[in-house]
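The numbers in the working numbering rise by one with no breaks, and the one at position 178 of the sequence shown is 180.
Inspection log for the structure reproduced underneath, given as structure tokens.
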Amino acid sequence: MRLSLTARLALLFAAATAGLLVVVAVVLGQAAESHFLELDEHELWGKMTLIANLLQRVDSPAALEALPQRLDDALVGHDAVAVLIRNAEGAVIYAFHPQAFAPAQAGGVPLSATGAAWWIGGQQYLGHESQFVLPLPADAADGHRELRVLLAIDVSHHQHFLDSVRKRLWLGIALAAVAAALLGWFAAHRGLAPLRRVTATARGLSADHLDQRLDGRDAPAEVRELVDAFNGMLNRLQSSFRRLTDFSADIAHELRTPISNLMTQTAVALSQARSADEYREVLGSNLEEYERIARMVGDMLFLAQAENGRLPLPVETVTLADEARALAEFYEALAEEGGVRIEVHAAEGGVAVSGDRLMLRRALSNLLSNALRHTPSGGMVAIDIGREGDEALIAVSNPGEPIPGEELTRIFERFHRAGAGRRDRGEGAGLGLAITRSIVEAHGGRVTASSDAGATRFTLSLPLHGPRQAQAAADQK
């Protein structure tokens, strides 16, 4: 089973807290145990010093005989102390709480062989063994001059205290781990609330509900970046769906006219018998409509490739003045028919860019044909070629009806034609300027438009870079 991120963070909080507290408990436990051991050893040495003082006063047989009583008097009230004194022959001459000693110790085995601590009847004892020489005359010692003293004290109360502390520490660690897990879960749950909102919003998204946005003001910085990115994605999706909807409506509208013409002409042709010439006339008219549909489909495919970065972009040196003059010569007959002149003004020394010559010619051709359609008789279409900084500039300007300001921002959209009056002047589907923009942007440039009471001007800006740099700029676009 895969745990949620909230559960993982809660477990991480609990594990980190428990691990830290365990380390602290171990350190504190060792410190307390060392402290109590030090206290017990101090008390053990204190009792051994007391016994040593009493033994140093045994300087006569009478004092030796009175030694047990003096030891009893000195150890009154010290129930945690056990003493076992042997003479040089191993006989016990004094015992105080002998039950505290293990059988081996009571039998005379040295303490170093049995350990300094032992358990008897559920009690823990800490012991020490020392050798003493009594200040008795040699002839009066009678084997009691050298004594071996085994001293032990009961340290069970310290161990019981330490055990109790350990139990409480473990209980505290467990409770602290649970509390840390709850706090971690709460913090993670609150911190990941924006993610849940992202999920809820994503579930409710559809083509008809792309206007939802997340509020990232209460989100942490890391999640706020995700919220901003998600909102940005929704903005792009909404814009793309809006353009797709508009595009679908526009293409349906544009295709409806030629298809309707084809259906009408075909129905009329079939309504009665006609001559071969009349059928040829109908087929010729239908062919024009088919060509119009084919051009529209070709243009839409070109735009689709451009928007997905799939345009083939051979790199060659293109002299803009040569292309402009070639186009002016190509459109010369059409311009003379409408009483319009075409003039090309190029900067001295020539201006060249890197890119695909046919595509750039198509972009400039779209602008030129568009200018010729909207230039009144007697007017002039000017093509100005120059440079500014590291950019080549190509401007196509013509007099005529201005484009409203609110239309300039949409003039490069597909199927958009500015103003009813301008739409009536041409037969285009409104894809020429969109294609021009796609070509220019594929070459790493940009296209702008301006229009006032006297003229309309389209300007292409292309980088004056080498082939590789032009390609890199196009890739970035």
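By construction, the Cβ of each residue, glycine as well, lies at the ideal position given by its N, Cα and C atoms.
Here the structure is a predicted model, which means the values were calculated and not measured.
Just to confirm my understanding: we take residue i, look at its own chain, exclude 5 residues before and 5 after, and list those with CB closer than 6 Å. What are they?
i, result
"Ala16", "Ala179, Ala182, Ala183"
"Asp386", "His347, Ala397"
"Ala354", "Thr319, Thr321"
"Gly381", "Val342, Pro401"
"Phe38", "His160"
"Leu69", "Val60"
"Asp42", "Leu128, Val157"
"Ile87", "Ile95, Tyr96, Leu149, Val151"
Three-state secondary structure (DSSP) at residue i?
i, result
"Ala349", "coil"
"Ile385", "strand"
"Leu207", "coil"
"Gly423", "With a pLDDT of 48 at Gly423, under the threshold of 50, the modelled position of this residue cannot be trusted; read the value that follows with caution. If DSSP states are grouped into helix, strand and coil, Gly423 belongs with the helices."
"Gly357", "strand"
"Ile295", "helix"
"Glu91", "coil"
"Pro378", "coil"
"Ala176", "helix"
"Arg4", "coil"
"Pro404", "coil"
"Leu77", "coil"
"Thr411", "coil"
"Arg192", "helix"
"Ser62", "coil"
"Leu2", "It is not possible to answer for residue 2, since the shown part of the chain is limited to 3 through 479."
"Met342", "Reading off the sequence, residue 342 comes out as Val, not Met. Three-state result, Val342: coil."
"Ala82", "coil"
"Val317", "coil"
"Leu212", "coil"
"Gly468", "Caution applies to Gly468, whose pLDDT of 48 falls short of 50 and renders its modelled position unreliable; the value that the coordinates give is listed next. Coil."
Going by the CB atoms, is the gap between residue j and residue i shorter than 7 Å?
i, j, result
"Glu331", "Arg363", "no"
"Ala84", "Ala102", "yes"
"Asp454", "Pro378", "no"
"Arg147", "Leu136", "yes"
"Gly186", "Leu46", "no"
"Ala271", "Val284", "yes"
"Asn490", "Arg244", "The structure shown has nothing for residue 490, since the chain only spans 3 to 479."
"Leu113", "Ala119", "no"
"Ala82", "Asp165", "no"
"Ala373", "Ile441", "no"
"Leu369", "Phe304", "no"
"Leu153", "Lys49", "yes"
"Leu433", "Asp301", "yes"
"Thr8", "His191", "yes"
"Glu291", "Asn263", "yes"
"His445", "Gly340", "no"
Just to confirm my understanding: we take residue i, look at its own chain, exclude 5 residues before and 5 after, and list those with CB closer than 8 Å. What are they?
i, result
"Glu334", "Ile344"
"Ala422", "Residue placement at Ala422 is flagged as unreliable, the pLDDT there being 48, under the threshold of 50; a coordinate-derived value is accordingly withheld."
"Ser6", "none"
"Trp121", "Tyr127"
Got a sec? Which residues, its chain only, sit under 7 Å from residue i by beta carbon, not counting five neighbours each side?
i, result
"Leu515", "In this structure the chain extends from 3 to 479, so residue 515 is not present and cannot be described."
"Gly352", "Thr321, Ala323"
"Ser367", "Leu329"
"Ala457", "Ser399, Asn400, Pro401"
"Gly447", "Leu462, Ser463, Leu464, Pro465"
"Leu336", "Leu374"
"Gln126", "Ala119, Val157, Ser158, Gln161"
"Phe163", "none"
Counting only runs of 3+ residues fully inside the segment 10-54, write out the beta strand (DSSP E) ranges in chain order.
List check, beta strand (DSSP E) in window: nothing returned.
Original post:
Taking the runs of the alpha helix (DSSP H) that are 4 residues or longer, which of them lie wholly in the segment 99-170?
Top reply: Whole alpha helix (DSSP H) segments, 4+ residues: 105-108, 113-116.
At which residue ranges does the segment 427-466 contain complete alpha helix (DSSP H) runs of 4 or more residues, listed in the order of the chain?
Counting only runs that start and end inside the segment 427-466, the alpha helix (DSSP H) elements of at least 4 residues fall at 434-444.
Taking 8 Å as the cut-off, does the segment 166-176 touch the segment 190-205 (at least 3 CB pairs, one atom from each stretch)?
Too few Cβ pairs lie closer than 8 Å, so no.
Completely contained alpha helix (DSSP H) runs for the segment 217-288, where each covers 4 or more residues:
You should have 223-273.
Under 8 Å, with one C-beta from each stretch per pair, do the segment 235-247 and the segment 263-270 reach the 3-pair mark? No, because fewer than three Cβ pairs between the segment 235-247 and the segment 263-270 fall closer than 8 Å, the two stretches do not touch.
Would you be able to state if there are at least three C-beta pairs under 8 Å between the segment 186-199 and the segment 73-80? Because the criterion of three Cβ pairs below 8 Å is not met, the segment 73-80 and the segment 186-199 do not touch.
query: Is the segment 123-132 close to the segment 42-58, with three or more CB pairs under 8 Å?
result: In short, these stretches touch, since the Cβ pair count reaches three.
Would you be able to state if there are at least three C-beta pairs under 8 Å between the segment 276-283 and the segment 406-415?
Taking a contact to require three or more Cβ pairs closer than 8 Å, the segment 406-415 and the segment 276-283 do not qualify as touching.
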